[in-house]
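Protein chains in written order, with my numbering: chain S, -12 to 272; chain C, 4 to 268; chain P, 8 to 373. Glycine included, every Cβ here is placed at the ideal spot set by N, Cα and C.
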Amino acid sequence: MTQDSRRGLALVAPPLGYAVALLAGPLLAIFLFSFWTQDYLTIDRTPTLGNYREALSDPIYRTIMLRSLWISATVTIVTVILAFPVAYYVSFRIRPDRKSFWLFLITIPFWTSYLLRIFLWKVILGYNGVMNSGLIGLRIIDEPLTALLYNANAVIITLSHAFAPFAILPIFVALEKIDRALLEAGRDLGESAATTFLRVTLPLAMPGVVAALLIVFIPTVGDYVTPAQVGGSGGQMIANMIQTQFLGLNNAPMGATLAVIAMVLVTIISLATVWLARRLAGGRT
Amino acid sequence: MLRAYVFLFLAFLYAPILLLPVFAFNDGTVIAFPLNGFTTRWFSEMTRSRELHAALANSLTVAAAASILSVLLGLAAARANVRYRFPGKAAAMGLIMLPLVLPEIIVATSLLVVVVRFFEWPLTLWTVTAAHVLICTPFAVAILNASFQALDPAMEEAAIDLGENRASTFRLITLPLVMPGIVAALLISFTISLDEFIIAFFLTGSDPTLPVYIWSLLRFPKLLPVIMALGTILVILSVLILALAEWNRRRGLARAGVKDTGGFL
Amino acid sequence: MTETRRAARTGDDPLIRLRGVDKHFGDYHALRGLDLDIRAGEFFSLLGPSGCGKTTLLRVIAGFEDVSAGTVTLDGRDMHGVSANKRPTNMVFQSYAIFPHLSVEQNVGFGLRKLDGTKAEKAARVAEALEMVGLAGYGARAAHALSGGQRQRVALARALVLRPKVLLLDEPLSALDKKMREQMQVELIRLQRQVGITFILVTHDQEEALVMSDRIAVMFEGEIAQVAEAEALYRRPASRRVAEFIGVMNFLPARVSGDVVAVAGLGEMRIDALQSTAHADGDSVAGFRPETATLLFPGQEASDRVADGIVQEVVYYGDMTYYDVMLDGAETAVRISMRNVFGRPVLEIGTRTRLAWSPGAVTLFR
């Protein structure tokens, strides 16, 4: 082993050790836990697949799992579609020395208390909320709408808002990397502005779009606060169920099982997305 | 058209935050329209709430400790990542950066299982701090990676060529040149820890952090206007801290003679 | 070139002695068993295309890279295990590596920190070094406010203030524009004469190496192809590859039989009349430089031998004109450079012309 390797390993040892102790270890523990069972306060350490059987067959768990994936997928697609034009605008229409300011402008809402932002969406979407007051004031509706809050739609709106900067930034970075001469070359070779966008800009921005898809999808599946606050009973997601198992029902092994299943599903869907994007990009990495 | 859309999008992005001061100064306990008139009593009530002060103090302590520790770990990881080649590097860096893409509920529950079920340790602010270090470190690594990459390796070689050893080179050359990155990483880690809720919710004992305290208030609407006042101040503070971090980062880039290439993330 | 100046300044014992120096980076073989002697007080250049190992060799001498095999001896001391900060060498980096958070003074005085001496003495040495590179009075300036040329001077002063036995320069002029580069070439030569320190310069620019160096080592693919003084290198290149890398040379197929060589387009000549030969058997290649032959204008007579041909291409440079001439009996054109004399017309493409040349300017290669 060279001196360089030894120095590198010595340096990486503390952060790696920390991650092993507080991340790899606990993840392994949760994995072990998912094969155990709990009866009131006693843990039965006989390995069993019972939790998995129950999690995959009980309609309550199945419904909530599928709903989580469906809500996250919708949030992801909505967020990325909404974010793309913004990233495009900042990258292509803003003067280079102003770009930092625009990124700053986009990230400010993200740095304000997550809990308060969600609560304020409740204020906007609520029965006496901004939206209803506004619509009544404009005489578009007579009675406050009740379909705005405490359902899956409210979760989608709130999460799309919370994760917008996460979608904009990677797309922006990918767009920034595009050599502007390529677009001129596209025009020069007889493409219109629209077809240049479709045949040159969009394919080159794909890595950023894929990154945006993953960076929104992965954390939203596990989001707890938003469904708990604005989701009502029909908008609860897997994280709420995991929390209930751990803190409410005191069935930690079941909570662990649900966490493992959620992680596996997220991993499979993420890898599938990356694989699909590579296939669509025609073998480019 | 595109421009109009972007401004509409910004309105969507800022809508909730702009409501904060509206209700912070509204003379009514119900957070809803119509408004009742101007008052500053929520701000004065805020200064009297002992629980709020305790929660804020807890959060500040946790955030300070977590940001310092995660930046120390981040320095080592980023330095190893940029400067050295060693076996298992991709896997090691992957594990260190993993919390960035892991749902926080997973981090929270897995740590809860280990602390409470395996070791049967009590939950304290220390458990929250330890977990925050875990999730802040990847952000620190990302920022410091950029700092170390912008550092010309010839700078350190020049110092060694001029007679310094590895330790004094780090102190005299490397540290001052990556200092803007260190400050930015500290500020970002501090902000993340200060705002983090789920992990704190799971791992906190009898001393709540500020987000956990806010969460408990969300069920008692009577105290909500105070939270609006507090939120307003937090927004202003966050913007100030971020502006400071951005200014510091740009100054660092200008000093190192590097062209600006964008924001923190 | 003033060869006497060099003879007077360079001693006989090598200051740096490399024997069998080998360097591997994983599978990549960067240096392949190099032997090289560099004398005290000489201006020595390592010249070669990028990737030839010249910078690696410089870094081996500086102590930034360990050798995989072989020995480096500096001033009679084996350098094995001696780290860069303990060697009597200092380096001017390609990027200059001026510490951006320090002033010019602090940069130049950086290496004095651990040395003995009072503050005043050190300040005097810094001032002296700045004076030497023409930056007297710049001491308090912030390093990041300097121009490219000034950065380079600071880098020089910072290295020279420690009075090293060897100054290592890694492509120090490549970041400067052409005019600045030519000015710095002259200044570096002056500086080297003034301080008398051995300079080792890495460069890919053959002109720069010819102008500045006492001796030049030409490197290709981790090996030294030739070590020679500038003029010898230009006039008697050891291989066709060296000849091609240094300046322009015309190549014509040749055939050796006995002590006579027949060159396409030029005819037969005795081998012992040639400038030099790197090969003297069977099929080979004859080369000559564009300026060693001239086109004969009406009324002019040749002093030596003459060949006939047709002008194929004319490139006008103002003070010079380059002609590509296809000699009768040859299959590739040769390039001839002619100084443009007032009143003499530039020949047109297709003109039949006569070429005056001399066997004494021809080199034979494999």
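Can you find a C-beta in chain S that's less than 8 Å from the C-beta of residue i?
| i | result |
| --- | --- |
| P156/C | no |
| I202/C | no |
| I217/C | yes |
| G265/C | Here the model assigns G265/C a pLDDT of 42, short of 50, so the residue's position is not dependable, and the following value carries that caveat. True, the Cβ-Cβ gap to chain S drops below 8 Å. |
| S113/C | yes |
| P102/C | yes |
| S209/C | no |
Taking Cβ positions, are residue i and residue j nearer each other than 8 Å?
| i | j | result |
| --- | --- | --- |
| L72/C | V136/C | yes |
| A248/C | L178/C | no |
| T213/S | T145/S | yes |
| V99/P | L163/P | yes |
| T360/P | V332/P | yes |
| E49/P | R222/P | yes |
| I202/S | V253/S | no |
| S102/P | A149/P | no |
| P183/C | N251/C | yes |
| S291/P | V263/P | yes |
| P297/P | N257/P | yes |
| L142/P | R158/P | no |
How should residue i be labelled, buried or exposed, when 16 other C-beta atoms within 10 angstroms of its C-beta is the threshold for buried?
| i | result |
| --- | --- |
| E160/C | buried |
| Y324/P | exposed |
| R104/S | buried |
| F117/P | buried |
| V9/C | buried |
| I185/C | buried |
| W57/S | exposed |
| N237/S | exposed |
| H87/P | exposed |
| S57/P | exposed |
| V118/C | buried |
| K441/P | Absent from the model: residue 441/P. The displayed extent of chain P is 8 to 373, so no value can be given. |
| A15/P | Bear in mind that the predicted position of A15/P carries a pLDDT of just 40, short of 50, making it too unreliable to give a figure here. |
| F267/C | Unreliable positioning characterises F267/C in this predicted model, as indicated by a pLDDT of 42, which lies under 50. The coordinate reading is nonetheless provided below. Buried, since its Cβ has 16 or more Cβ neighbours within 10 Å. |
Sorted by chain position, which residues of the same chain lie with C-beta nearer than 7 Å to residue i's C-beta, five sequence neighbours on each side aside?
| i | result |
| --- | --- |
| D(-9)/S | none |
| P214/C | D198, E199, F200 and A203 |
| T62/P | D177 and V209 |
| G37/S | T24 |
| K129/P | G116 and L119 |
| F18/S | V247 |
Quick one: does residue i have its CB under 8 Å from some CB of chain C?
| i | result |
| --- | --- |
| A60/S | no |
| H61/P | The amino acid at residue 61/P is misidentified as His; the sequence shows Lys. K61/P does not count as touching chain C. |
| F206/P | no |
| S102/P | yes |
| R121/P | It is worth fixing the name first, because residue 121/P is Lys in this sequence and not Arg. Answer yes: the Cβ-Cβ gap between K121/P and chain C drops below 8 Å somewhere. |
| D273/S | A question about residue 273/S goes unanswered here, because the residues of chain S that appear run from -12 up to 272. |
| I17/S | yes |
| T99/S | yes |
| L65/P | no |
| M241/S | no |
Can you list, in chain order, the residues of its chain with a C-beta nearer than 6 Å to that of residue i? Leave out the 5 residues immediately preceding and following it.
| i | result |
| --- | --- |
| R265/S | none |
| P260/P | A271 |
Against chain P, with Cβ distances strictly below 8 Å, would residue i count as a contact?
| i | result |
| --- | --- |
| L165/C | yes |
| N168/C | yes |
| L180/C | yes |
| A161/C | yes |
| I176/C | yes |
For residue i, which residues in the same chain have their Cβ closer than 8 Å to its Cβ, ignoring the five residues on either side in sequence?
| i | result |
| --- | --- |
| Q192/P | L180, E215, V218 and M219 |
| F159/S | A74, V77, S78, L90 and G195 |
| I231/P | L41, D42, L43, A224 and V225 |
| I195/C | H135, I138, C139 and F142 |
Compare the C-beta of residue i against all C-beta atoms of chain A and say whether one is closer than 8 Å.
| i | result |
| --- | --- |
| N92/P | In the structure shown, chain A cannot be found, because the protein chains are S, C and P. |
Ordered list of alpha helix (DSSP H) runs contained in the stretch 75 to 152 of chain S, each at least 4 residues: If one requires a minimum length of 4 residues, the alpha helix (DSSP H) runs lying completely within the stretch 75 to 152 of chain S are 86 to 94, 101 to 112 and 117 to 124, in chain order.
Any alpha helix (DSSP H) of 4 or more consecutive residues that is wholly inside the stretch 170 to 258 of chain P: Given a length threshold of 4 residues, each whole run of the alpha helix (DSSP H) inside the stretch 170 to 258 of chain P is given here in chain order: 185 to 202, 213 to 219, 237 to 242 and 247 to 252.
Whole alpha helix (DSSP H) elements within the stretch 8 to 95 of chain P, 4-residue minimum: Here the runs fully enclosed are 10 to 16 and 61 to 69.
Every unbroken alpha helix (DSSP H) inside the stretch 169 to 209 of chain S [4 residues or more]: Counting only runs that start and end inside the stretch 169 to 209 of chain S, the alpha helix (DSSP H) elements of at least 4 residues fall at 180 to 183 and 189 to 208.
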